[in-house]
Every structure is written in structure tokens, then in C-alpha cells.
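Notes follow once the structure below has been shown.
Chains as they are written, first to last, in my numbering: chain D, 13 to 357; chain U, 13 to 357.
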């Protein structure tokens with residue numbers, strides 16, 4: 013199949029998006045792949061597949077390649093006398109800002125471009141950790157208690173130590189710290205507020221069981237990945253996570269009971285249904301005293317969590333044949349006509 | 013001041029957006045106004061101010077005017093040998109889909125265009141009535157109990173009659189019905205599901221006190237309109253509301269106690285803060301037994317609720333000087349450089 017991977021973006025996760033795209037080039041070999049890069053100034057470039065290497069971007073060599081602009085149904089490469097259209101199905105692989113905050117979704121929807129990725133609403137509820145909590149509360153999904161701090165008011169916290177401090181709106185562990193005692197709080201808050209004006213504080217539970225589950229729905233049916241128990245480190249810092257985005261080897265299935273797997277799937281469906289259609293997402297869960305808690309939603313997981321799927325290529329193909337399309341209102345000017353008539357004009 | 017009004021959109025409220033724009037042309041006379049029309053196919057046109065009449069659009073005469081495309085910081089009119097930029101501050105006056113669902117916000121943000129209007133997050137929480145309820149619950153704002161029906165499952169409702177049935181994602185009373193008894197329910201649901209796959213049902217309280225309050229924040233301070241008690245009809249149907257969007261005469265202040273006005277303002281601030289910055293919104297409230305309930309948020313009220321402000325032009329000017337701008341991450345390729353070095357490349 014034909015697929016265009018859209019990556020880059022003006023985001024703190026710009027570089028990991030590049031790594032992710034390079035990994036997918038390998039994992040989706042056999043597909044007819046194209047690559048469109050969004051640079052930090054929001055200019056789009058068509059990248060030759062043979063140039064899909066990290067140095068192309070760090071050295072700025074992409075600037076010599078063809079510039080593209082958005083048009084109805086396609087990205088367009090304008091020539092002096094004619095233009096070339098790059099259409100078909102896209103995969104939004106822009107991690108963090110732009111890609112996961114609803115911006116790219118809106119652009120592609122507005123220009124009627126078909127894509128794999130979260131829609132605007134889904135982006136808002138997964139990008140901002142506060143809104144993920146609201147989603148949990150509304151849909152009966154358990155999540156850890158939290159408090160919100162703003163840059164202006166953050167003297168005391170009520171959560172007992174140890175706590176974890178996170179910017180509300182970033183992914184990939186950027187600006188995240190574990191704080192074991194009060195003396196370490198200020199530094200952690202400074203780091204977090206460097207990236208966002210809103211910060212959330214949650215209890216940090218040492219040794220908590222963590223499980224990741226990816227999946228999507230197509231033709232009204234859910235398709236799940238295997239359950240993964242991620243590496244047991246306190247948490248992945250940015251550099252480790254960065255390497256993590258280039259993962260391409262199938263991981264081992266976590267040893268979980270059938271009962272727990274079902275619980276994880278039920279919670280995944282609660283998150284996904286009527287919101288994430290069109291996206292392949294990864295939900296990261298905690299299990300505390302047998303109960304499943306949602307930790308976070310990755311609406312565009314690193315390298316699309318390819319390593320969790322037994323048939324990754326088949327999954328992408330299934331999903332791309334079941335993409336939602338925005339229903340657009342048609343205008344017939346009935347009201348204006350009837351009012352003009354009433355006025356005798 | 014210079015201001016460009018963006019109106020139209022592929023929305024059921026396309027026509028009322030035209031009426032709204034024509035009204036603002038009159039209310040903001042003295043400003044240096046430009047008008048950009050988004051047609052139902054998402055093509056942008058620069059409309060000559062003298063052609064700002066309903067018939068221009070119903071007769072398709074806008075198609076003879078200059079086409080514009082989005083570019084960094086401006087809409088651009090491309091000529092054969094040169095192009096003209098239309099920049100400055102914009103006012104998003106696209107009611108309903110496109111304008112109020114986050115799409116236009118994302119487009120303008122992506123292209124670094126300054127605008128008055130709700131940002132992506134704010135749009136999502138006001139456009140979908142279910143998410144407005146979640147916002148209320150999270151921020152301690154009272155709202156009516158509701159139940160959600162989906163197209164697939166809607167046999168019984170639990171809310172006692174009379175009820176009001178609304179599509180989850182439309183404004184301007186489109187598809188809304190009051191249902192007095194079970195026998196009327198099916199027809200009401202059919203009407204609502206014609207516009208949306210999700211419908212909400214709320215108790216209908218005959219004769220409930222309604223108050224509207226508009227406002228915005230600028231330089232960290234709130235500015236409020238007068239409180240209005242809207243017309244006492246069961247509710248405004250689309251045709252009446254359509255006429256309503258052309259309102260330009262200052263209305264009379266509702267007779268409310270200082271105490272109630274303060275309560276309304278406190279609730280308005282709870283809705284607005286850290287979400288609606290950059291927008292002038294109107295909140296529609298119910299008052300039941302002395303308690304304030306949020307009914308709905310209009311993030312782009314009809315003709316910007318000009319008739320509620322004593323100094324409407326001054327308000328628009330204040331707000332346009334206090335617009336948030338998206339902080340954009342800068343990329344330095346540190347990680348790629350360090351990894352390339354480690355690999356010895």
C-alpha cells in the first residue's frame with residue numbers, strides 16, 4: 013500500500029519524531045512510502061527516502077529538497093509551469109506539540125486529507141494531562157489523584173512525598189522529576205515550569221506495576237497489541253526515551269493473567285471509544301492492588317509501538333482502510349433566500 | 013485599528029456567520045476592516061467591503077473575487093509576478109463547525125496569525141456539550157444533569173419529562189427539541205441525530221430564569237458586559253436565532269441584584285480562566301433556587317454579542333492588544349548530534 017509519513021514539527025519532541033520516522037521506514041518496508049518533514053518553522057519538505065537519516069535534518073540538508081504546501085486533498089509541490097500532488101493516506105508521526113495537540117489533525121481535516129492519527133478532540137484529551145484526568149472521571153476510568161500548580165501560585169503541595177512532577181502538556185518525560193522530599197521540590201518545579209505554565213503533581217508509587225497496551229479500532233472492532241511490562245527503571249528520562257523511539261524488535265509478552273489482560277482491554281476501550289477513532293494509540297496503565305489505573309495516553313506512540321504488534325504492517329493496513337472522515341455541512345442559502353424574498357429584494 | 017474578519021465556513025451556521033459579519037461591519041465602522049470569506053469548500057476569498065451583503069454569497073458572486081491562501085503570518089493573494097499579504101489581527105467569526113470546533117484556531121496558530129477567538133482546547137470544551145459538562149464538573153461549576161445517547165443505543169431515557177434534546181456538537185438551536193411526553197421522543201431524536209451521532213438529554217425547566225453574560229480577559233483583568241435576560245420564548249428556533257445574529261442595538265440591562273451579578277461573574281471566570289484567553293465569549297446561565305448553572309458557552313457569540321457591551325469597539329481594541337501567542341519549541345539537534353558522535357559518524 014501507499015502511505016506518507018508526516019514527521020518533525022515545532023516541538024520539544026522534534027528529534028524523536030525523526031528517529032521514529034526512520035524506524036518506521038524500516039518496519040514498513042514493502043509499502044510504497046513517502047516522507048514529508050515539517051520543520052520547526054512549519055515549512056513542509058518532501059524528503060527523498062534515501063535521505064531518511066538523522067544527519068539530513070541536523071545538517072539542514074532537507075532545505076535543498078522540494079517544498080510542499082497544503083491544498084485540498086493533498087500536499088502540493090509547485091513548479092513554474094505545473095504542480096505535483098502528493099495525496100493518499102497519511103500517517104501523523106509528529107510527536108508532542110503540533111502533532112499531538114490537535115494542530116496537525118485540524119490542518120489535515122480542513123484540507124480533506126485522510127490520515128492515521130488522533131482527531132482534534134482526542135488530541136486535546138491526551139495532550140494535556142489535566143484533561144486526561146477529566147476524561148477518566150467522566151468515563152469511569154481510575155487514575156491517580158493529582159493537584160495542579162500554576163506558575164503564579166505554587167507555594168505548597170498537599171500530596172505526601174514522594175511525588176512526581178510533570179508539565180501538564182508535554183510527553184516523553186521532558187521536564188518530569190521524582191521528588192522524594194520537600195527540599196527537592198523547588199528545583200523540580202523550576203524544571204517543569206520551564207516547559208509549561210501548568211504543572212501537575214501526583215503521588216509517586218515506588219515499584220508500581222506498569223503495563224502498556226496499544227491498539228486501535230477498525231470497522232467497529234478492536235485490535236489489541238500484546239501487553240508489555242516496560243523496563244523497570246524509576247522512569248525513562250529523555251535520552252533513554254529517545255533511544256526508545258527507535259525500537260523495532262518485537263518485545264516479549266508480559267506475564268499477565270487472562271483476567272488482568274481483559275481488565276486492561278476494557279479500560280483501553282473506555283478511553284478509545286467515540287474519541288480516538290482513526291488513531292493507533294498506546295495506553296500506559298498502573299496496576300495497584302489489582303485495580304487498573306490509567307497513567308497516560310500516547311495518541312502517537314514512539315515508532316507507533318510497532319514492537320508490540322505481531323503483525324504491524326497488517327495493523328496499519330487495516331486501520332488505514334477504516335479512517336473516519338469529517339462530515340461537512342452543505343450550504344444552500346435557504347435562510348438568506350427566504351429573508352431576501354421577505355424583504356422584497 | 014486594522015482588523016480582518018474571517019467568516020463563513022463549512023458549517024450549518026454558515027449563513028448566520030455571514031449575517032454576523034455584516035452586522036460587525038456596521039458596529040465596527042471607523043476601524044480599518046477587511047473581510048475574508050471561507051466558502052463551504054474551504055476556499056478563502058477576499059471580499060470587497062462594499063460587497064458585504066447576503067446576496068453576494070447566495071448568488072455566488074464571491075467567486076469572482078480574489079482567492080487567498082494561508083501562509084506564515086498572513087493570508088496571501090498570489091499574482092502572476094508578485095503576491096499581496098493580508099496580515100495583522102484577525103477576528104474568527106465562523107460560527108459552528110470549523111470556527112468553533114478548533115479547526116480555524118489550529119490553522120491560524122500553525123501559520124502564526126494573531127486572532128481573536130477561542131484556541132483549540134477552549135473550542136473543544138465549548139463545541140461539544142458533553143465536554144462542557146466535564147469542564148463544569150472539574151472546575152466546580154453547576155450544570156444540569158444529562159444523559160448521553162448514541163445513534164446505536166437510544167431506547168430509553170431516564171430523565172423525567174419534559175426534557176430537552178440536543179445534538180452534542182451544534183450551536184444555534186439546530187436540531188434541538190423540547191419533548192413533553194414519551195410519544196414525542198422519537199421524532200425529536202430523529203431530528204437531533206440528523207445532525208450528530210451523539211445527542212444529550214437534559215431536564216427542561218419551564219420558565220427557568222436565564223441570564224447571559226459576555227466578557228473577556230485582557231492584561232490579566234476581566235472585562236464584563238451587562239447581564240442580559242434573553243427573550244422569554246420556549247427557546248429560540250433557528251430562524252429566530254438567525255435574525256438574532258444581526259442584533260446591533262444595545263439591550264437593556266437585566267434587573268439583577270448585585271449579589272447575583274457577582275455570582276454570574278464568578279462562574280464566568282471559572283469557565284474562562286486558563287482556557288479561553290484570546291476570546292470574547294458569552295456564557296448562558298440558568299438560575300434555579302438562587303443557584304447559578306452554566307447552560308452553554310458561546311466562544312464566538314452571534315455578532316460578538318456587541319449589543320451587550322457599552323463600549324464594543326473599545327472592548328475589541330483592548331482584547332486585540334492582549335492576544336496569547338503560541339510558544340514554539342526551538343530545535344537544536346543536540347540529541348542527534350550527541351548520538352551521531354557516540355556512533356563515531
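C-beta: ideal position from N, C-alpha, C; glycine also.
Grouping DSSP H, G and I as helix and E and B as strand, with all else coil, what is residue 337 of chain D?
Taking the first chain and counting its residues from 1, the one referred to as residue 337 of chain D is at position 325. DSSP places residue 337 of chain D in coil when its eight states are reduced to three.
Which of the three DSSP states is assigned to residue 294 of chain U in this structure?
Position 282 of the second chain, counting from 1, holds the residue named residue 294 of chain U. Three-state DSSP puts residue 294 of chain U in a strand.
Element boundaries [alpha helix (DSSP H), containing residue 281 of chain U]:
By one-based count along the second chain, residue 281 of chain U stands at place 269. Residue 281 of chain U -> alpha helix (DSSP H) spans 270 to 284.
Beta-carbon within less than 8 Å of residue 53 of chain D's beta-carbon, same chain only, minus the 5 sequence neighbours each way: which residues are those?
Locating residue 53 of chain D in the first chain gives position 41, where the first residue counts as 1. These residues qualify, in order along the chain: 22.
So, are the CB atoms of residue 103 of chain D and residue 128 of chain D less than 8 Å apart?
Position 91 of the first chain, counted from the start, is the residue given in the question as residue 103 of chain D. Position 116 of the first chain, counted from the start, is the residue given in the question as residue 128 of chain D. Yes, they are a contact pair.
Among D:65, D:81, D:58, D:149, which has the Cα closest to the Cα of residue 75 of chain D?
Within the first chain, residue 75 of chain D is the residue found at index 63, counting from 1. Taking only the C-alpha atoms, the option nearest residue 75 of chain D is D:58.
Does DSSP classify residue 16 of chain U as helix, strand or coil?
For the purposes of this step, residue 16 of chain U is taken as residue 4 along the second chain, with counting starting at 1. Three-state DSSP puts residue 16 of chain U in a strand.
Against residue 52 of chain U, what residues of chain D qualify as contacts under a CB-to-CB distance less than 9 Å, listed in chain order?
For the purposes of this step, residue 52 of chain U is identified with residue 40 of the second chain, where counting begins at 1. 340, 341, 342, 343, listed in chain order.
Straight-line Cα distance separating residue 110 of chain D from residue 123 of chain U
Here residue 123 of chain U is taken as the residue at index 111 of the second chain, counted from 1. Here residue 110 of chain D is taken as the residue at index 98 of the first chain, counted from 1. Roughly 12 Å separates the two Cα atoms.
Where does residue 300 of chain D land, buried or exposed, given buried means 16+ other C-beta within 10 angstroms?
If you number the first chain from 1, residue 300 of chain D lands on position 288. The residue is exposed, with fewer than 16 neighbouring Cβ atoms inside 10 Å.
For residue 24 of chain U, return the contacting residues in chain D, with the cut-off set at a CB-CB distance below 8 Å.
Here residue 24 of chain U corresponds to residue number 12 of the second chain, with the count starting at 1. What residue 24 of chain U touches in chain D: 341.
Which runs of the beta strand (DSSP E) at least 3 residues long sit entirely within the region 28 to 114 of chain U? Give them in chain order.
44 to 50, 56 to 59, 79 to 83, 86 to 90, 95 to 98, 102 to 104
Count the other CB atoms, across all protein chains shown, that sit within 10 Å of the CB of residue 218 of chain D; report buried if there are 16 or more and exposed otherwise.
The count along the first chain starts at 1 and reaches residue 218 of chain D at position 206. With fewer than 16 other Cβ atoms within 10 Å, it is exposed.
Looking at C-alpha atoms only, which residue of U:55, U:116, U:285, U:307 is the closest neighbour of residue 89 of chain U?
Taking the first residue of the second chain as position 1, residue 89 of chain U is located at position 77. Selected option, being the one with the closest Cα: U:55.
Could you compute how far the alpha carbon of residue 18 of chain U sits from the alpha carbon of residue 49 of chain U?
Against the second chain, residue 18 of chain U aligns to sequence position 6. Against the second chain, residue 49 of chain U aligns to sequence position 37. If you take the alpha carbons of residue 18 of chain U and residue 49 of chain U, they lie about 6 Å apart.
Can you list, in chain order, the residues of its chain whose CB lies under 7 Å from that of residue 331 of chain U, leaving out five sequence neighbours each side?
Here residue 331 of chain U corresponds to residue number 319 of the second chain, with the count starting at 1. So the list reads 128, 228, 230, 292, once near-sequence residues are dropped.
According to the neighbour-count rule (16 or more other Cβ atoms, all chains shown, within 10 Å of its Cβ), is residue 234 of chain U buried or exposed?
Start at 1 with the first residue of the second chain, and residue 234 of chain U comes out as number 222. It is exposed - the Cβ of residue 234 of chain U has fewer than 16 other Cβ atoms within 10 Å.
Could you give the DSSP three-state label for residue 359 of chain D: helix, strand or coil?
Nothing can be reported for residue 359 of chain D, as the shown portion of chain D is limited to 13 through 357.
With distances taken Cα to Cα, identify the nearest neighbour of residue 31 of chain U among U:336, U:194, U:63.
Position 19 of the second chain holds residue 31 of chain U. The candidate whose alpha carbon is nearest that of residue 31 of chain U is U:63.
For residue 60 of chain U, collect the residues of the same chain with a Cβ closer than 7 Å to its Cβ; drop the 5 residues on either side in sequence, then sort them by chain order.
Stepping through the second chain from its first residue, residue 60 of chain U is reached at position 48. So the qualifying residues of the chain are 77.
State the DSSP-derived secondary structure class of residue 326 of chain D, mapped to helix, strand or coil.
Position 314 of the first chain holds residue 326 of chain D. Helix at residue 326 of chain D.
Over the uninterrupted alpha helix (DSSP H) stretch that includes residue 173 of chain D, give me the two end residues.
For the purposes of this step, residue 173 of chain D is taken as the residue at position 161 of the first chain. Segment: none, residue 173 of chain D is in no alpha helix (DSSP H) and carries neither H nor E.
From residue 143 of chain U to residue 150 of chain D, what does the alpha carbon distance come to, in whole angstroms?
Here residue 143 of chain U is taken as the residue at index 131 of the second chain, counted from 1. Here residue 150 of chain D is taken as the residue at index 138 of the first chain, counted from 1. Roughly 9 Å separates the two Cα atoms.
Please identify, using Cβ separations under 9 Å, the residues of the region 148 to 175 of chain U that lie next to chain D, in order along the chain.
149, 150, 162
List, in order along the chain, the chain D residues whose C-beta lies closer than 7 Å to that of residue 231 of chain U?
As a working note, residue 231 of chain U is residue 219 in the second chain. None at all; the shortest Cβ gap to chain D is about 14 Å.
Can you grab the Cα-Cα spacing for the pair residue 161 of chain D / residue 282 of chain D, in whole Å?
Along the first chain, read from residue 1 onward, the residue named residue 161 of chain D stands at position 149. Along the first chain, read from residue 1 onward, the residue named residue 282 of chain D stands at position 270. Distance between the alpha carbons of residue 161 of chain D and residue 282 of chain D is about 28 Å.
Between which two residues does the beta strand (DSSP E) containing residue 213 of chain D stretch?
Residue mapping note: residue 213 of chain D aligns to position 201 of the first chain, counting from 1. From DSSP, the beta strand (DSSP E) with residue 213 of chain D extends over 210 to 215.
Partners in chain U for residue 84 of chain D, counting only beta-carbon separations shorter than 9 Å:
In the first chain, residue 84 of chain D corresponds to position 72, counting from 1. Neighbours of residue 84 of chain D on chain U, chain order: 53, 54, 55.
Let me know the secondary structure DSSP gives residue 237 of chain U once reduced to three states.
Counting from one through the second chain, the residue named residue 237 of chain U turns up at place 225. It is a strand residue.
Can you give me the Cβ contacts of residue 329 of chain U inside the same chain, cut-off strictly under 6 Å, excluding the 5 residues immediately before and after it?
Here residue 329 of chain U is taken as the residue at index 317 of the second chain, counted from 1. Correct list, in chain order: 13.
When burial is assigned at 16 or more other CB atoms within 10 Å of the CB, is residue 269 of chain U buried or exposed?
As a position in the second chain, residue 269 of chain U is number 257, starting the count at 1. Exposed, by the Cβ-count rule.
Taking only three categories from DSSP, how would you classify residue 182 of chain U?
In the second chain, residue 182 of chain U corresponds to position 170, counting from 1. Three-state DSSP puts residue 182 of chain U in coil, outside helix and strand.
Interface partners of residue 40 of chain D on chain U, CB under 8 Å
Locating residue 40 of chain D in the first chain gives position 28, where the first residue counts as 1. Simply none; closest approach about 22 Å.
Are the beta-carbon atoms belonging to residue 314 of chain U and residue 26 of chain U less than 8 Å from one another?
By one-based count along the second chain, residue 314 of chain U stands at place 302. By one-based count along the second chain, residue 26 of chain U stands at place 14. The answer is no: Cβ separation not under 8 Å.
When burial is assigned at 16 or more other CB atoms within 10 Å of the CB, is residue 41 of chain U buried or exposed?
Here residue 41 of chain U corresponds to residue number 29 of the second chain, with the count starting at 1. Exposed: under 16 other Cβ atoms inside 10 Å.
Counting only the same chain and skipping the five closest in sequence on each side, list residues whose C-beta sits under 8 Å from that of residue 297 of chain D.
Here residue 297 of chain D refers to the residue found at position 285 when the first chain is read from its first residue. Taken in chain order, the residues that qualify are 222, 223, 224, 225, 276, 279, 304, 305, 306, 307.
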